[in-house]
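Residue numbers (our numbering): 2 to 299.
A quick write-up on the structure given underneath.
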Ligand SMILES: Cc1cc2nc3c(=O)[nH]c(=O)nc-3n(C[C@H](O)[C@H](O)[C@H](O)COP(=O)(O)OP(=O)(O)OC[C@H]3O[C@@H](n4cnc5c(N)ncnc54)[C@H](O)[C@@H]3O)c2cc1C
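Take a look at the structure:
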């Protein structure tokens, strides 16, 4: 059994990732998604963050919405392509808004993952440097990323684990993984991490497959392998069909259940700002919605 997470809670603890909406209509969808998923009492919602002014403003609005709903939030923050002063200003804005939990990230190089990463001349040297700055700014929790199949730019496993260790030594208290579909790969990764003396919770990132062709493309960019057996389940299925949704819910719930059987008790769900599949997964694996709990208690 792997010691992936230490929260010990049963049923599992969930966190839900959102991305900044691009329009008023998308913002309304995000609000509905937050409302529906809040019923599962997540440990936190997180909101992604990208380089570039308009995305950052939208991230701030989404974070502000979650804070206004008095729900726990983690703000993602990247440091690629930005000066130290600019990132510090953003940290100060989030702190003033009431954010105490950050997901510290380097971010992709401006030209994408095919470009070699170089820090901004006046910027943070790496993610560990950003983690330190967040601690100095009074963050209560700093979470970081982890890559069970290695980051696409990783030269070797030793570097991969060293980078995680530096982030932990700088103060990170939890790592959330890139999504993956093969639980054996995750288990082997956690063993590597533990062998390196890293003891923070490694929370698996789970992506429900809302549309197989999109997730297949996304996975190939992120370096996440799609097992043949998994691809076969979606073979010939119309992504808009009800059957696709049923298969997607079953596949994600099966992955979570298998990880629970291996001792994992906390999960981060990449929601893609949709509530249906995350809700289905929660219900299938035994995370009850608040209304049901209230009804049972009455
Ligand atoms: C949970 C999660 C959330 C994310 N959220 C966002 C988001 O909100 N916005 C966004 O833009 N992106 C996001 N990303 C993507 C992320 O920004 C990219 O994968 C980026 O390329 C790496 O950032 P990082 O903080 O993961 O990098 P790090 O963990 O710091 O490094 C990534 C990898 O690069 C290699 N590396 C790093 N430093 C060195 C070095 N000195 N020498 C050699 N190799 C090195 C290592 O292989 C290392 O594992 C997220 C990823 C995950 C897993």
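Even for Gly, the Cβ is constructed at its ideal location relative to N, Cα and C.
Only a predicted model underlies this, so the values are computations on that prediction, with no experimental measurement involved.
**Asked** Which residues in the same chain as residue 91 place their Cβ atom closer than 6 Å to its Cβ, once the five residues preceding and following it in sequence are excluded?
**Response** none
**Request:** May I ask you to report which of helix, strand or coil DSSP gives residue 117?
**Result:** coil
**Asked** Do residue 177 and residue 102 have their CB atoms nearer than 8 Å?
**Response** no
**Request:** Tell me whether residue 16 counts as near ligand 1, meaning its Cβ is closer than 7 Å to at least one heavy atom of that ligand.
**Result:** no
**Segment contact, 8 Å Cβ cut-off, at least three pairs: the region 279-293 with the region 221-234** = no
**Message:** Since residue 265 and residue 205 should fall inside the 8 Å C-beta cutoff, what is the C-beta to C-beta distance between them, to a whole number of angstroms?
**Reply:** 6 Å
**Asked** Cβ of residue 102 within 7 Å of any heavy atom in ligand 1?
**Response** no
**Message:** Shorter than 7 Å, the distance from the beta carbon of residue 114 to the closest heavy atom of ligand 1, or not?
**Reply:** yes
**Asked** How long is the line joining the alpha carbons of residue 56 and residue 83, rounded to whole angstroms?
**Response** 14 Å
**Prompt:** Which stretch, first to last residue, makes up the beta strand (DSSP E) that contains residue 220?
**Reply:** No beta strand (DSSP E) contains residue 220, which is instead part of the alpha helix (DSSP H) from 213-223.
**Request:** Output the distance between the C-alpha atoms of residue 299 and residue 73, rounded to the nearest integer angstrom.
**Result:** At residue 299 the pLDDT is 44, less than 50, meaning the model places this residue with poor confidence; the figure from the coordinates comes in the next sentence. Computed Cα separation, rounded: 26 Å.
**Prompt:** What is the rounded straight-line gap between the Cα of residue 275 and the Cα of residue 94?
**Reply:** 27 Å
**Asked** Hey, how far is the Cα of residue 181 from the Cα of residue 149?
**Response** 7 Å
**Message:** For ligand 1, I want to know if residue 270 counts as a neighbour, meaning its beta carbon is within less than 7 Å of at least one of the ligand's heavy atoms.
**Reply:** no
**Whole-angstrom distance between residue 117 and residue 6, CA atom to CA atom** = Interpretation of residue 6 is limited by its pLDDT of 49, a score under 50 that renders its predicted location unreliable; the figure taken from the coordinates is listed afterwards. The alpha-carbon atoms of residue 6 and residue 117 are separated by roughly 33 Å.
**Request:** Taking all protein chains shown into account, decide if residue 113 is buried (16 or more other Cβ within 10 angstroms of its Cβ) or exposed.
**Result:** exposed
**Asked** Is the region 158-172 touching the region 185-198, taking contact as three or more C-beta pairs under 8 Å?
**Response** yes
**Message:** Rounded to whole angstroms, what is the Cα-Cα separation between residue 308 and residue 209?
**Reply:** The requested residue 308 does not occur in the structure, where the chain is confined to residues 2 to 299.
**Asked** Considering only the beta carbon of each residue, do residue 201 and residue 175 sit closer than 8 Å?
**Response** yes
**Prompt:** Rounded to the nearest angstrom, how far is the Cβ of residue 257 from that of residue 207, given a contact under 8 Å?
**Reply:** 6 Å
**Asked** Nearest to residue 203 by CA position, among 71, 147, 123, is which residue?
**Response** 147
**Message:** Residues in the same chain with beta-carbon distance under 8 Å from residue 238, minus the five sequence neighbours each way, listed in chain order, please.
**Reply:** 213, 244, 245, 248
**Item:** Unbroken alpha helix (DSSP H) run spanning residue 196, endpoints
**Value:** 184-196
**Asked** Does the beta-carbon distance from residue 63 to residue 19 come in below 8 Å?
**Response** yes
**residue 238: CB within 7 Å of a non-hydrogen atom of ligand 1** = no
**Asked** Cα separation between residue 104 and residue 143?
**Response** 6 Å
**Item:** Buried versus exposed call for residue 139 [16 or more other C-beta atoms within 10 Å across all chains shown]
**Value:** exposed
**Prompt:** Quick one: what's residue 15 bridged to in DSSP?
**Reply:** 268
**Item:** Candidates 107, 77, 217, of which the one nearest residue 232 by Cα
**Value:** 217
**Request:** Note down, in chain order, each residue of its chain lying with its Cβ closer than 6 Å to the Cβ of residue 236, except the 5 sequence neighbours on either side.
**Result:** none
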